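A quick write-up on the structure given underneath.
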Amino acid sequence: MESSYIPISNWQLVGATALIVINVALSFALKLGLGQRLGIAAMRMVVQLLLVGYVLEWVFTLQSPLLVLLLTLLMSVIAGSASVNRTRRRFAGIYGNSFISIAASAALVTGLTVEGIIQVEPWYNPQYLIPLLGMVLGNAVTGTSLALDRFMEELNSHREQVEALLALGATRWEAAHGTVREALRTGMIPTINSMMVMGLVSLPGMMTGQILAGAFPTDAVRYQILIIFTIAAGTALACLGTILLAFRALFSPQHQLRLERLHKTR
Numbered sequence: 062m063e064s065s066y067i068p069i070s071n072w073q074l075v076g077a078t079a080l081i082v083i084n085v086a087l088s089f090a091l092k093l094g095l096g097q098r099l100g101i102a103a104m105r106m107v108v109q110l111l112l113v114g115y116v117l118e119w120v121f122t123l124q125s126p127l128l129v130l131l132l133t134l135l136m137s138v139i140a141g142s143a144s145v146n147r148t149r150r151r152f153a154g155i156y157g158n159s160f161i162s163i164a165a166s167a168a169l170v171t172g173l174t175v176e177g178i179i180q181v182e183p184w185y186n187p188q189y190l191i192p193l194l195g196m197v198l199g200n201a202v203t204g205t206s207l208a209l210d211r212f213m214e215e216l217n218s219h220r221e222q223v224e225a226l227l228a229l230g231a232t233r234w235e236a237a238h239g240t241v242r243e244a245l246r247t248g249m250i251p252t253i254n255s256m257m258v259m260g261l262v263s264l265p266g267m268m269t270g271q272i273l274a275g276a277f278p279t280d281a282v283r284y285q286i287l288i289i290f291t292i293a294a295g296t297a298l299a300c301l302g303t304i305l306l307a308f309r310a311l312f313s314p315q316h317q318l319r320l321e322r323l324h325k326t327r
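Residue numbering for the sequence shown follows this note's numbering, beginning at 62 and increasing consecutively.
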C-alpha cells in the first residue's frame, strides 16, 4: 500500500479556521457567552500545537537518552500539576503525591510497552517514547483528577459516617475503603467508556492519523489496541497511587480522620 499522505498547507489550515466560526456564531446567536472563551481557546490550541510540532521535530533528532529523559520528566511534572489544578480541595504535599503517582505509573507502563512489547531500538527512541508517554500522561491526568476530587469530596460529605466507624473501632482502611473504591471507579470510568464505543462510534485519533498517513488499517488497529491497553493500565495505576497517597495524608497512623488538612480552592 503506497503512502497517500496529503500535506496541509498554511492556507488550508486557515480555511479550517472557518469551522470554529460555527461555534462562535452559535454562541453569539444563542447568547451563550462563550465567544471570547472559544476564541482564546482556539488561539491557544493553535499556538501550542504549532510549537509542539516544531519542538517534536527537534526532539526526534535527539540521540541522547539523558535529554529524552529530561523531557519526559518535564512532561510528568506538568501532568502532575495539571491533575491537582482540576481539584476543588487541596492538602499539603498533594502536588508531590500527584507527580509521583503519575510519573511512576506512566514510566512503568510506557517502559513495558516500548521495551517489552514493541521492542524499540534504542529504548529511548523519541519517535516512539514521547508520543506514547504523552498519551498515557494525558489520560492519567483526567483519571487522577476525577478520582482525587471524588475521594476528597466523599470524605468531606461523609465525615460523620467515617468518624463513627473509626470511633467504633474500625481501622482507617475499613472506614475509608468504600470511598477509595468509589474514587477509583470514578477515575477509570472515562477510559472504560471510551473503550466501549471505540471502533463502533469513534475512531481514535492515533489510528486515524496513521490511516491518513498511508498505513494499513489493520496495522493502525493493532497499534491502537496496544496503546489503549497501555493507557488503561497507566490510568488505573496512577489513580490507585494518587488515592492511596491521599488516604495516607488524610488519615493518621492512629486511625484518625484529619480533614483539617484540607482547604478548599477558590
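For every residue, glycine included, the Cβ atom is placed at its ideal position computed from N, Cα and C. From a predicted model like this one, the values you see are computed outputs, not experimental measurements.
Where residue i falls, given that 16 or more other Cβ within 10 Å makes a residue buried
{"i": "Asn146", "result": "exposed"}
{"i": "Met62", "result": "Reliability of the predicted coordinates at Met62 is poor, the pLDDT of 48 falling under 50, and no value is obtained from them."}
{"i": "Arg211", "result": "buried"}
{"i": "Gly295", "result": "buried"}
{"i": "Ser313", "result": "exposed"}
{"i": "Tyr185", "result": "buried"}
{"i": "Ile69", "result": "exposed"}
{"i": "Gly76", "result": "exposed"}
{"i": "Thr78", "result": "exposed"}
{"i": "Arg309", "result": "exposed"}
{"i": "Val241", "result": "buried"}
{"i": "Gly230", "result": "exposed"}
{"i": "His324", "result": "exposed"}
{"i": "Phe160", "result": "buried"}
{"i": "Thr326", "result": "exposed"}
{"i": "Ala90", "result": "exposed"}
{"i": "Leu43", "result": "No statement about residue 43 is possible, as the shown extent of the chain runs from 62 to 327 and does not include it."}
{"i": "Ala102", "result": "exposed"}
{"i": "Met213", "result": "buried"}
{"i": "Ser162", "result": "buried"}
{"i": "Gly248", "result": "buried"}
{"i": "Gly114", "result": "exposed"}
{"i": "Val197", "result": "buried"}
{"i": "Trp72", "result": "exposed"}
Residue i: first and last residue of the uninterrupted alpha helix (DSSP H) it sits in
{"i": "Leu132", "result": "126–146"}
{"i": "Glu176", "result": "Run containing Glu176: none; DSSP gives neither H nor E here."}
{"i": "Trp184", "result": "Counting along the chain, Trp184 falls outside any alpha helix (DSSP H), and DSSP gives it neither H nor E."}
{"i": "Ile288", "result": "278–311"}
{"i": "Leu226", "result": "220–228"}
Supposed contact pair residue j and residue i - C-beta distance, whole angstroms, cut 8 Å
{"i": "Met136", "j": "Gly96", "result": "At roughly 32 Å, the Cβ-Cβ gap does not stay under 8 Å, so Met136 and Gly96 are not in contact."}
{"i": "Ile191", "j": "Val120", "result": "6 Å"}
{"i": "Val181", "j": "Leu318", "result": "So it is not a contact: roughly 46 Å between Cβ atoms."}
{"i": "Leu129", "j": "Leu298", "result": "Just to set this straight, residue 129 is Val in the shown sequence, not Leu. Rounded, the Cβ-Cβ distance is 22 Å, inconsistent with contact."}
{"i": "Ala201", "j": "Ala167", "result": "6 Å"}
{"i": "Gly204", "j": "Cys300", "result": "5 Å"}
{"i": "Thr291", "j": "Leu132", "result": "At roughly 19 Å, the Cβ-Cβ gap does not stay under 8 Å, so Thr291 and Leu132 are not in contact."}
{"i": "Leu245", "j": "Ile304", "result": "6 Å"}
{"i": "Ser206", "j": "Ser142", "result": "The Cβ separation is near 11 Å, so there is no contact."}
{"i": "Thr287", "j": "Thr174", "result": "Thr is not the amino acid found at residue 287; the sequence shown has Leu there. 7 Å between Cβ atoms; contact."}
{"i": "Leu320", "j": "Leu216", "result": "6 Å"}
{"i": "Val293", "j": "Met256", "result": "Reading off the sequence shown, one finds Ala at residue 293, where the question assumed Val. About 7 Å; that satisfies the 8 Å criterion."}
{"i": "Ile178", "j": "Tyr189", "result": "About 11 Å; that fails the 8 Å criterion."}
{"i": "Gly302", "j": "Ala208", "result": "Contact flag wrong, Cβ pair sits at about 10 Å."}
Below-8 Å beta-carbon distance, residue i vs any chain C residue
{"i": "Lys325", "result": "Among the chains in the structure shown there is no chain C, since it carries only a single protein chain."}
Beta-bridge pairing of residue i - partner residues as DSSP gives them
{"i": "Lys325", "result": "Arg150"}
{"i": "Leu318", "result": "Phe312"}
{"i": "Met256", "result": "None; Met256 has no bridge partner."}
4 or more residues per run - each alpha helix (DSSP H) lying fully within the stretch 84–124 = Segments of the alpha helix (DSSP H) lying fully in the stretch 84–124: 96–120.
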